[in-house]
Amino acid sequence: MTDTTSTALLEIDGLHKRFGDLEVLKGVDLNVAEGEVISIIGSSGSGKTTLLRCVNLLEEFQEGEIRLEGEAIGYREVNGVRKRLPDKDLSRQRSMTGMVFQSFNLFPHLTAAENIMLGLRKVRKLGKDEARAKAETWLGRVGLAERVDHHPGQLSGGQKQRVAIARALAMDPKLVLLDEITSALDPELVQEVLQTVKELAAEGATLMLVTHEMAFARDVSTRIVFMEQGLVAEQGPPEQIFGAPKHPRLAEFLGRSRT
Amino acid sequence: MGYTLNFSSVWANFDSLLWGLVLGLFMAVCAIGIGFLIGIFGAFASQSKSPWVRGAIGFYVSILRNLPLLVLILFVYFGLPQLGMTLGRLESFIGALAIYAGAYLIEVLRAGLMSVPPGVVEAGRAVGLTQFQTNLYVVTPIMLRNALPAMSSTFISLFKDTSLAAIVAIGDLTYQARKINVETFRVVETWTVASLLYIATCVLIAAGLRALERRYPRF
Ligand SMILES: Nc1ncnc2c1ncn2[C@@H]1O[C@H](COP(=O)(O)OP(=O)(O)O)[C@@H](O)[C@H]1O
Ligand SMILES: [Mg+2]
Numbered sequence: 008m009t010d011t012t013s014t015a016l017l018e019i020d021g022l023h024k025r026f027g028d029l030e031v032l033k034g035v036d037l038n039v040a041e042g043e044v045i046s047i048i049g050s051s052g053s054g055k056t057t058l059l060r061c062v063n064l065l066e067e068f069q070e071g072e073i074r075l076e077g078e079a080i081g082y083r084e085v086n087g088v089r090k091r092l093p094d095k096d097l098s099r100q101r102s103m104t105g106m107v108f109q110s111f112n113l114f115p116h117l118t119a120a121e122n123i124m125l126g127l128r129k130v131r132k133l134g135k136d137e138a139r140a141k142a143e144t145w146l147g148r149v150g151l152a153e154r155v156d157h158h159p160g161q162l163s164g165g166q167k168q169r170v171a172i173a174r175a176l177a178m179d180p181k182l183v184l185l186d187e188i189t190s191a192l193d194p195e196l197v198q199e200v201l202q203t204v205k206e207l208a209a210e211g212a213t214l215m216l217v218t219h220e221m222a223f224a225r226d227v228s229t230r231i232v233f234m235e236q237g238l239v240a241e242q243g244p245p246e247q248i249f250g251a252p253k254h255p256r257l258a259e260f261l262g263r264s265r266t
Numbered sequence: 003m004g005y006t007l008n009f010s011s012v013w014a015n016f017d018s019l020l021w022g023l024v025l026g027l028f029m030a031v032c033a034i035g036i037g038f039l040i041g042i043f044g045a046f047a048s049q050s051k052s053p054w055v056r057g058a059i060g061f062y063v064s065i066l067r068n069l070p071l072l073v074l075i076l077f078v079y080f081g082l083p084q085l086g087m088t089l090g091r092l093e094s095f096i097g098a099l100a101i102y103a104g105a106y107l108i109e110v111l112r113a114g115l116m117s118v119p120p121g122v123v124e125a126g127r128a129v130g131l132t133q134f135q136t137n138l139y140v141v142t143p144i145m146l147r148n149a150l151p152a153m154s155s156t157f158i159s160l161f162k163d164t165s166l167a168a169i170v171a172i173g174d175l176t177y178q179a180r181k182i183n184v185e186t187f188r189v190v191e192t193w194t195v196a197s198l199l200y201i202a203t204c205v206l207i208a209a210g211l212r213a214l215e216r217r218y219p220r221f
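Keeping their order, the protein sequence lines are chains A and B.
Per my numbering, the first sequence starts with residue 8, numbered consecutively.
Per my numbering, the second sequence starts with residue 3, numbered consecutively.
Now the structure itself:
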């Protein structure tokens, strides 16, 4: 394996995921160290979304192990039998990772600030004022200080996605998962969101993102992971992946995305 | 036509009509309150993984939706005492209306539940909310808002259904009107006033609920 970091924040070992008979992840191995920015690229259907969803425990998986700070997440062994953890443990483990979705998924009945406050209050158990202050700070950081009390219905797509980013980051997650977060946006709104992600990366957040924005991936990532048919087919620093791809399917994929 | 309208005997008894109306509203509020709890519980239970739970909910809903309300009221009123359960007439009527309301509200709230975008639910889970917290803080408010128009018409139907209470001699508006009718023979006047009271009340309830709908836009 290419990974040489001794203290990986996230360790994925031999991850297999099946939807019924369809095997979507076929033994994924991947380590992520603190502060890394990993861009996952690959053609549609290669399992990128499923991988992120397994890490955030939104999907069950059948084989392999995922560890976050050394703690196995999602499952435990009881007398040699693999068992899904109870909801309470899953929720606690989910709260250690943040997730930003392609379709924003803001809580439509809550204002921008309330979207952020809900997790702070009910999961992190902050008081109302403290949660509010933190929400306002984060909305300021993503450039939405003026939109604190707006409902999602009153925001543009780019603004919604920045609220979603702030919602994930305000929880102080160990790791943030971002799944094609600009794919649902009008082209003119893509840059403001990418700029926000760039700033987070510069501040040292650990990010794992799926993206089709190749220039952005090259610019922001410490490492690129290329997925192909449910496996990590190649990974390495951006210069290497974009400059000298080894896997034939990677070269082909990059050729296609350049057009 | 030799009939001349004379409302004076209706006005003389107007306060008993009003108290009957208040009693009807009280019964509707009680039955809707209980029915609403049944509805919320049943709507979530209908999403259960257990086929037994889903089956039980489906059974409850289909039995009650296919049973005339009047038959249910009479069954509860006359049948339960035979089975050794004695209830006051008011409790018996409210109980019957509540389990009837529950069945309709399960259906209405289940539709509201289906309208909650799955991605929004996942976002709640992703933040670290437990399933219960997600249901409480994310799913329920969206469900209620989206079910509001259908709930409004169910509430109004249930209020109108309180007129069936007269059949078990509860002194609601219909009962009082019938009493005035029998005592004064001012048939047209009595039922005109009673009808107008029902209509005005329903219009007011509908307006209130529509104001609520405008206040909170649909998601
Ligand atoms: N809920 C699901 N049920 C069945 N198949 C699914 C489901 N989600 C994804 N898949 C399948 O898994 C494969 C990988 O999907 P996905 O992880 O979304 O790929 P990517 O994000 O790389 O485009 C696809 O073939 C897709 O059809
Ligand atoms: Mg995807």
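Beta carbons: idealized from backbone N, C-alpha and C, even for Gly.
Because the structure is a prediction, the values reported are computed rather than measured.
Span separating the alpha-carbon of residue i from that of residue j
i	j	result
A:Gln166	A:Asp186	17 angstroms
B:Leu115	B:Leu150	12 angstroms
B:Glu215	B:Ile144	12 angstroms
A:Ala212	A:Trp145	14 angstroms
A:Lys181	B:Val118	29 angstroms
A:Arg89	A:Leu59	21 angstroms
A:Gly147	A:Pro115	20 angstroms
B:Gly126	B:Thr136	6 angstroms
A:Thr104	A:Gly52	23 angstroms
A:His157	A:Gly150	14 angstroms
A:Leu216	A:Leu184	6 angstroms
A:Thr12	B:Glu109	Since pLDDT at A:Thr12 reaches only 47, below the 50 mark, its modelled position is unreliable, and no value is offered.
B:Trp193	B:Leu138	45 angstroms
A:Phe260	A:Ser50	7 angstroms
A:Glu78	B:Val122	27 angstroms
A:Met124	A:Leu65	22 angstroms
A:Ala240	B:Phe134	40 angstroms
A:Arg256	A:Gln247	15 angstroms
B:Phe208	A:Phe111	Here residue 208 of chain B turns out to be Ala, not Phe, going by the sequence shown. Rounded to the nearest angstrom, the two C-alpha atoms are 35 angstroms apart.
A:Arg91	A:Gly243	33 angstroms
B:Ala113	B:Ile65	19 angstroms
A:Gln62	A:Ile73	Rather than Gln, the amino acid found at residue 62 of chain A in this sequence is Val. Straight-line Cα distance between these residues: approximately 7 angstroms.
A:Lys135	B:Ser197	50 angstroms
A:Gln100	A:Ile19	15 angstroms
B:Val1	A:Leu117	No information on residue 1 of chain B is available, as it lies outside the stretch 3 to 221 that chain B covers here.
A:Thr56	B:Ser94	55 angstroms
Cβ shell of residue i (< 8 angstroms), same chain only, five flanking positions each side left out
i	result
B:Leu72	Leu166 and Ile169
B:Ala98	Leu71, Leu74, Ile75, Phe77, Val78 and Tyr79
Beta-carbon contacts of residue i that lie in its chain and below 7 angstroms, excluding the five residues immediately before and after
i	result
A:Ile188	Val107, Gln109, Gln168 and Val200
B:Gln178	Ser18, Leu19 and Gly22
B:Phe221	Ile144, Arg147 and Asn148
A:Val44	Ala208, Leu214, Val227, Ser228 and Thr229
A:Asn122	Leu113, Phe114, Val170 and Arg174
Whole-angstrom C-beta distance between residue j and residue i, which should lie under 8 angstroms
i	j	result
A:Gly160	B:Pro53	Not confirmed; about 38 angstroms, so no contact.
B:Val129	A:Ser102	7 angstroms
B:Phe28	B:Leu107	Actually they are not in contact, since the Cβ atoms of B:Phe28 and B:Leu107 sit about 19 angstroms apart, beyond 8 angstroms.
A:Ile172	A:Thr203	6 angstroms
A:Ser46	A:Ala224	4 angstroms
B:Thr132	A:Lys95	6 angstroms
A:Leu75	A:Leu22	Not a contact, Cβ separation roughly 13 angstroms.
B:Val12	B:Arg180	Not really, about 13 angstroms apart at Cβ, beyond 8 angstroms.
B:Leu235	B:Ala45	Residue 235 of chain B lies beyond the residue range present for chain B, which begins at 3 and ends at 221; the question has no answer from this structure.
B:Ser159	B:Leu211	Actually they do not touch by this definition, with Cβ atoms about 13 angstroms apart.
Any non-hydrogen atom of ligand 2 within 6 angstroms of residue i CB
i	result
A:Thr56	yes
beta-carbon residue i near ligand 1 non-hydrogen atom, thresh 6 angstroms
i	result
A:Phe68	no
A:Phe26	yes
A:Val31	yes
Close Cβ partners of residue i (< 6 angstroms) along its chain, the five nearest in sequence each way excluded
i	result
A:Asp10	Unreliable positioning characterises A:Asp10 in this predicted model, as indicated by a pLDDT of 47, which lies under 50. The coordinate reading is nonetheless provided below. Result list for A:Asp10: Asn38, in chain order.
B:Leu23	Leu175 and Leu199
A:Thr264	The residue asked about is misnamed: residue 264 of chain A is Ser in this sequence, not Thr. Closer than 6 angstroms at the Cβ level, and outside the excluded window around A:Ser264, lie Met221.
A:Arg25	Gln69
Residue i beta carbon near ligand 4 (any heavy atom closer than 6 angstroms)
i	result
A:Gly52	Inclusion of ligand 4 in the displayed structure is not the case, the ligand content consisting of ligand 1 and ligand 2 alone.
Checklist entry - Between the segment 134-157 of chain B and chain A, which residues of the former have CB atoms less than 7 angstroms from a CB of the latter, in chain order? => result Only those residues of the segment 134-157 of chain B whose C-beta falls short of 7 angstroms from the nearest C-beta of chain A are listed: Gln135, Tyr139, Val140, Pro143, Ile144 and Arg147.
Checklist entry - If contact means a Cβ-Cβ distance below 9 angstroms, which residues of the segment 78-99 of chain A contact chain B? => result Asp94, Lys95, Leu97, Ser98 and Arg99
Item to check | Proximal residues, the segment 85-111 of chain B versus chain A, C-beta separation under 7 angstroms | outcome: none
Checklist entry - For the segment 203-221 of chain B, which residues have a CB atom closer than 7 angstroms to at least one CB atom of chain A, in sequence order? => result Pro219 and Phe221
Item to check | Under 7 angstroms (Cβ pairs) to chain B, residues found in the segment 121-137 of chain A | outcome: Leu125, Gly126, Lys129 and Val130
Item to check | Residues from the segment 151-179 of chain A in contact with chain B, defined by Cβ distance under 9 angstroms | outcome: Within the segment 151-179 of chain A, those residues whose Cβ lies closer than 9 angstroms to any Cβ of chain B are, in chain order, His158, Pro159, Gly160, Ala171, Arg174, Ala175 and Met178.
Next on the checklist: What are the residues in the segment 100-111 of chain A lying within 7 angstroms of chain B by C-beta distance?
Outcome noted: Arg101, Ser102, Met106, Phe108 and Ser110
Checklist entry - Closer than 9 angstroms, Cβ to any Cβ of chain B: which residues of the segment 57-81 of chain A, in chain order? => result Arg60, Asn63, Leu64 and Leu65
Checklist entry - Given a limit of 8 angstroms on CB to CB distance, which residues of the segment 121-132 of chain B reach chain A? => result Against chain A - using a Cβ distance shorter than 8 angstroms - the residues of the segment 121-132 of chain B are Gly121, Val122, Glu124, Ala125, Gly126, Arg127, Ala128, Val129, Gly130, Leu131 and Thr132.
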